[in-house]
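For the record, the sequence lines run as chains A and B.
Per this note's numbering, the first sequence runs over residues 315 to 658.
Per this note's numbering, the second sequence runs over residues 23 to 645.
By construction, the Cβ of each residue, glycine as well, lies at the ideal position given by its N, Cα and C atoms.
None of the values given here were measured: they were computed from a predicted structure.
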Amino acid sequence: MLSYMIRRILLLPIILIGVTFLIFSVFSLLSPMERLATYVRDPNTLKNPKAAERLIAKYHLDEPYPLGYINWLERMAHFDLGWSQTANQSVSDAIKQRFPVTLELVLYSIIPVVLIGIWLGVISAVHHNDMIDQAIRVTAIIGWSLPSFIFGLLILFIFYGMLGWFPPGRLSSWAQDIVYTGNFVSYTHLITIDALLNGNIPIFLDALRHLIAPIITLSYISWAFLLRITRSSMLDTLRKDYIRTARAKGVDEQTVIHLHAKRNALIPVATIAGMMIIGMMGGVMITETVFTYPGLGFWAAQSAQQLDYGTVISFALLFSTIMVIGNLVVDLSYALIDPRVRLE
Amino acid sequence: MKFNRLLCAFLVILMLTCMTSFAFAQMKNPDTIVYAQIGGPETLDPHWAYDTGSGEIIYQTYDNLINYKGESTEEFVPMISTEVPSVDNGLMKDDGFTYIFPIRKDVKFHNGDILTPEDVEYSFERAMIFDRSGGPVWMLIEPLLGAYGIEDVVVEALGVENYSDLFVDGDPRGELKSEHKAAMTEIFTEKIDKAVEVDGDNVIFHLAQAYGPFLNILSHCGNWSAIINKKWAIEQGAWDGKADTWWNYHDPENEKDPLYAVENGSGPFVLKKWVPEEIILLERFDDYWQGPAKIKNVQVKYVSEYTTRKLMLQTGDADIAYIPVQYLSEVEKIEGVEVIKNLPTISNVVSMFPWTINAEGNSYIGSGKLDGEGIPPDFFSDIHVRKGFSYLFPYDIFITKVAKGMAIRNPGPIPKGVIGFTDDPELYYEFSLLKAKEEFKLAWDGELWEKGCKFNIFYNEGNDVRKAASDMLSQYAKMLNPKFVLTPVAVQWSSYLKAFLTEKLPIFTIGWLADYPDPHNWAPVYMGSNGDYAGFFGEAYREFARENVDPLLKQGLKETDKVKRAEIYKELTKIAHDQAISIYAYQPGANHVQRDWIKGWYYNPIMPGEPAGADFYTLSKGE
Numbered sequence: 315m316l317s318y319m320i321r322r323i324l325l326l327p328i329i330l331i332g333v334t335f336l337i338f339s340v341f342s343l344l345s346p347m348e349r350l351a352t353y354v355r356d357p358n359t360l361k362n363p364k365a366a367e368r369l370i371a372k373y374h375l376d377e378p379y380p381l382g383y384i385n386w387l388e389r390m391a392h393f394d395l396g397w398s399q400t401a402n403q404s405v406s407d408a409i410k411q412r413f414p415v416t417l418e419l420v421l422y423s424i425i426p427v428v429l430i431g432i433w434l435g436v437i438s439a440v441h442h443n444d445m446i447d448q449a450i451r452v453t454a455i456i457g458w459s460l461p462s463f464i465f466g467l468l469i470l471f472i473f474y475g476m477l478g479w480f481p482p483g484r485l486s487s488w489a490q491d492i493v494y495t496g497n498f499v500s501y502t503h504l505i506t507i508d509a510l511l512n513g514n515i516p517i518f519l520d521a522l523r524h525l526i527a528p529i530i531t532l533s534y535i536s537w538a539f540l541l542r543i544t545r546s547s548m549l550d551t552l553r554k555d556y557i558r559t560a561r562a563k564g565v566d567e568q569t570v571i572h573l574h575a576k577r578n579a580l581i582p583v584a585t586i587a588g589m590m591i592i593g594m595m596g597g598v599m600i601t602e603t604v605f606t607y608p609g610l611g612f613w614a615a616q617s618a619q620q621l622d623y624g625t626v627i628s629f630a631l632l633f634s635t636i637m638v639i640g641n642l643v644v645d646l647s648y649a650l651i652d653p654r655v656r657l658e
Numbered sequence: 023m024k025f026n027r028l029l030c031a032f033l034v035i036l037m038l039t040c041m042t043s044f045a046f047a048q049m050k051n052p053d054t055i056v057y058a059q060i061g062g063p064e065t066l067d068p069h070w071a072y073d074t075g076s077g078e079i080i081y082q083t084y085d086n087l088i089n090y091k092g093e094s095t096e097e098f099v100p101m102i103s104t105e106v107p108s109v110d111n112g113l114m115k116d117d118g119f120t121y122i123f124p125i126r127k128d129v130k131f132h133n134g135d136i137l138t139p140e141d142v143e144y145s146f147e148r149a150m151i152f153d154r155s156g157g158p159v160w161m162l163i164e165p166l167l168g169a170y171g172i173e174d175v176v177v178e179a180l181g182v183e184n185y186s187d188l189f190v191d192g193d194p195r196g197e198l199k200s201e202h203k204a205a206m207t208e209i210f211t212e213k214i215d216k217a218v219e220v221d222g223d224n225v226i227f228h229l230a231q232a233y234g235p236f237l238n239i240l241s242h243c244g245n246w247s248a249i250i251n252k253k254w255a256i257e258q259g260a261w262d263g264k265a266d267t268w269w270n271y272h273d274p275e276n277e278k279d280p281l282y283a284v285e286n287g288s289g290p291f292v293l294k295k296w297v298p299e300e301i302i303l304l305e306r307f308d309d310y311w312q313g314p315a316k317i318k319n320v321q322v323k324y325v326s327e328y329t330t331r332k333l334m335l336q337t338g339d340a341d342i343a344y345i346p347v348q349y350l351s352e353v354e355k356i357e358g359v360e361v362i363k364n365l366p367t368i369s370n371v372v373s374m375f376p377w378t379i380n381a382e383g384n385s386y387i388g389s390g391k392l393d394g395e396g397i398p399p400d401f402f403s404d405i406h407v408r409k410g411f412s413y414l415f416p417y418d419i420f421i422t423k424v425a426k427g428m429a430i431r432n433p434g435p436i437p438k439g440v441i442g443f444t445d446d447p448e449l450y451y452e453f454s455l456l457k458a459k460e461e462f463k464l465a466w467d468g469e470l471w472e473k474g475c476k477f478n479i480f481y482n483e484g485n486d487v488r489k490a491a492s493d494m495l496s497q498y499a500k501m502l503n504p505k506f507v508l509t510p511v512a513v514q515w516s517s518y519l520k521a522f523l524t525e526k527l528p529i530f531t532i533g534w535l536a537d538y539p540d541p542h543n544w545a546p547v548y549m550g551s552n553g554d555y556a557g558f559f560g561e562a563y564r565e566f567a568r569e570n571v572d573p574l575l576k577q578g579l580k581e582t583d584k585v586k587r588a589e590i591y592k593e594l595t596k597i598a599h600d601q602a603i604s605i606y607a608y609q610p611g612a613n614h615v616q617r618d619w620i621k622g623w624y625y626n627p628i629m630p631g632e633p634a635g636a637d638f639y640t641l642s643k644g645e
């Protein structure tokens, strides 16, 4: 297994170079004047007829493609990711600021996604074609049919606008004042964890309160999908011969389902769940936008739209790394769940 | 099973609770004003900032020499200076070439340092040296050094073709060639240093040309003229104040600007924290020279989604919110929310006709000939074409339907509220298909009417107002003559900018928001041969402008008598009308939306902020 892991990790630099080379190539198709649009949001800032030329020279927008890529690689070697015009800060600072936001959102969302998705999938399969199964399936269809933007706004409207329970943003104003300027140490930049480490329970509860609405939005759409996969896999497993044998031998139904069927049914589910979680780490733009969660997703979308290629490339680097490592973790967990699997 | 039943019961209770409960807004955080805005600042460096987001914050944390008086855009009051220079008080001399500002004593910066005349001198000299590409400092360099940028001053003085020629490897951020060091030092000592000097308690500006709007440029609302702390700035790594190093601090890249994320002004608020694109936290500066602000804290939260901002306002989590004009009717219905509409802005939106279009590889003009399948590159050089389109635009319908009545017309480039604006009905083009037809029939010796024309009208993607303007023009043109095929096209900003800079756009609609409320910030833009927009109308227009417009612009700039200035700019408006240089579509109104417990808000159209700024110093929160 160790050699397998090392082989997979060694692939990472090759993948990263491939991804960045591709993105750089795409951006190089744009002319310097088109790339200037990242720095000029309004032509009235170009007071001087030479101003456009100066900006192009200043930001090396007319650098020939191979030279530009080599210079970029050189800066990468010094961990200089450049400046993000969309974030108005260095790319590395922007990632440090935004990554924990998305991570916190995703980590908390995983719990309902996995638990509810698998739980309801199992129930649905066990009560195949019953009323319960129909109800769960309808709920699931609504989940992945409903645009996340609409669902998010609905949640915001009901739980915040009407009830005032779950406000948008990461923290209330009073809590932000403490976290950003008071004696609050950010150890992990995950506010809930940091609040506990700072011994500040009111901030922990406030952060949790702000997380609930985006979690509901994010997880509903995701567990609906996982539910379908679990149901399908479970139905398949319940039809297997060994399950029939177990029943014939008089094993009680709960043991058949939870001890024999479920574990085998979850093998493909684990793979898909892992991929879903990795995908979520790429940023959940719509949820972040609706609930004012300034994470990776919204920033990445803005950067792509505004041709902030330094940010886009850095984001691609980050996400590729997450994908490679995440895939490796999924494969390893696959081997752990299924003893028949040997990682070669 | 039992768990399932419990879950169902919980969901039913939740549903019933939802149907019966409502969040009642109450005033929260009594010592904090929360402003839900869009678009955070790019920087906190007053000499870098040229966007509204930055200007809005710098306004609260820095002071300038003078300020506008309340809601006025024409009257000034002292700020860091103890007097506003005028001819009457003897502080404006030499026919407007010299301005003297006596500096107030005992003004503190946020770090406790006392503000001195040397800080004022440093602020302006640093600004001129810094002069980043695409930045605002041209507004200081134009009056003080008679150029648009410090690089132009250097290029002219040293007789080189490009500023970069002075540097090793042509890199202006690299090493200066040793043979140019003395000359570059002299640029500072003879030009920059002499433009601003300290004389006792006074700071004296020596202008390179008489400049009508000079006080506007120095006034609060212009972040480029904010007063920074010299000692502190040098400690941060900004220009060290020396004559023989200044080029090392000129036009740095964003990440190399030491003042980008820090502040140390003398304004009523101190920056506590800036989390880019998320939040700005300001705290009252208790040692502010005018007395502390009424409110202790301000939080500006950057919320991109309108619905979220609206709900924050509704629940009281936001006290003030940016609400786009198309949603005002929604928020008006919320109890406890005040909507102040149709505030006069100093901005306008104009559709422009380049007299010569760059035809090289230009698919936007079709065949490039007047054959019904395109237009020739000099299509708009014919005055009848321009007049035809000027009569074709449905101004009043546009204002009513698209701008929701929150706009007015301008006859020319100068908006209402600025010296030189005229309401002369003779200078307004009316919407008249009949007159449009008459003009088009005269255009191109009648060929245009017979053969028709075909070209694209551009607007940047996502801008619904400009889309509406383009659609209207297109529809009415077709209605008039089916052979007139104008196709509105939405393009990404990058493509729009490229086409604009390479002079390939046939008709383009764009807006202008005032840097300062003076006609010199308008007329040159829309009419000057080097104008920000008019400069891209092609050589035929530039030639016309050099002869007929530029002399008047120079005259208007140098004239210090307000009445005479007004007449000059009215004459320019008449030229704009007679030549139908552009379609002056509308001057938009602004709006301000706040909870009714916010007191003390006032409006000045030049105050930075979208859509209408706020001076947090005067705001308070109470029932």
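Residue j beta carbon less than 8 Å from that of residue i
{"i": "residue 354(A)", "j": "residue 535(B)", "result": "no"}
{"i": "residue 594(A)", "j": "residue 423(A)", "result": "yes"}
{"i": "residue 340(B)", "j": "residue 58(B)", "result": "yes"}
{"i": "residue 149(B)", "j": "residue 242(B)", "result": "no"}
{"i": "residue 283(B)", "j": "residue 296(B)", "result": "yes"}
{"i": "residue 268(B)", "j": "residue 151(B)", "result": "yes"}
{"i": "residue 265(B)", "j": "residue 189(B)", "result": "no"}
{"i": "residue 298(B)", "j": "residue 614(A)", "result": "no"}
{"i": "residue 386(B)", "j": "residue 478(B)", "result": "yes"}
{"i": "residue 62(B)", "j": "residue 344(B)", "result": "no"}
{"i": "residue 360(B)", "j": "residue 82(B)", "result": "no"}
Within-8 Å CB hit, residue i to chain A
{"i": "residue 276(B)", "result": "yes"}
{"i": "residue 64(B)", "result": "yes"}
{"i": "residue 156(B)", "result": "yes"}
{"i": "residue 269(B)", "result": "no"}
{"i": "residue 40(B)", "result": "For residue 40(B), the predicted model reports a pLDDT of 46, less than 50, meaning its position is unreliable and no value from the coordinates is stated."}
{"i": "residue 405(B)", "result": "no"}
{"i": "residue 339(B)", "result": "yes"}
Cutoff 8 Å; reference residue i; Cβ partners in own chain excluding five residues on either side
{"i": "residue 220(B)", "result": "139, 140, 142, 143 and 226"}
{"i": "residue 441(B)", "result": "96, 540, 541, 584, 587, 588 and 591"}
Neighbour flag for residue i against chain C, beta carbons, 8 Å
{"i": "residue 323(B)", "result": "Judged by its chain identifiers, the structure shown contains no chain C, and its protein chains are A and B."}
Residues near residue i by beta carbon distance below 7 Å, same chain, minus five either side
{"i": "residue 346(B)", "result": "328"}
{"i": "residue 506(B)", "result": "474, 475, 499 and 500"}
{"i": "residue 561(B)", "result": "378"}
{"i": "residue 331(A)", "result": "none"}
{"i": "residue 222(B)", "result": "none"}
{"i": "residue 336(B)", "result": "47 and 356"}
{"i": "residue 566(A)", "result": "none"}
Proximal residues to residue i (C-beta, below 6 Å), its chain only, five neighbours per side dropped
{"i": "residue 309(B)", "result": "130"}
Chain B contact for residue i (CB, 8 Å cutoff)
{"i": "residue 365(A)", "result": "yes"}
{"i": "residue 347(A)", "result": "yes"}
Inter-stretch contact at 8 Å, needing at least 3 Cβ pairs: the stretch 487-507 of chain B / the stretch 523-538 of chain B: yes
The stretch 366-373 of chain B touching the stretch 609-618 of chain B, judged by at least three CB pairs closer than 8 Å: Three or more beta-carbon pairs drawn from the stretch 366-373 of chain B and the stretch 609-618 of chain B are found closer than 8 Å, and the two stretches are therefore classed as touching.
Stretch pair the stretch 525-535 of chain A + the stretch 451-462 of chain A: three plus CB contacts closer than 8 Å: yes
Meets three-Cβ-pair contact criterion under 8 Å: the stretch 394-409 of chain A and the stretch 176-190 of chain B: Because the criterion of three Cβ pairs below 8 Å is not met, the stretch 394-409 of chain A and the stretch 176-190 of chain B do not touch.
Segment contact flag, the stretch 487-498 of chain A with the stretch 510-518 of chain A, C-beta cutoff 8 Å, min 3 pairs: The answer is yes - the stretch 510-518 of chain A touches the stretch 487-498 of chain A, with three or more Cβ pairs under 8 Å.
Touching by the beta-carbon criterion (3+ pairs, under 8 Å), the stretch 596-604 of chain B and the stretch 543-552 of chain B: Contact holds: three or more Cβ-Cβ distances are below 8 Å.
Three CB pairs or more closer than 8 Å across the stretch 544-555 of chain A and the stretch 570-590 of chain A: yes
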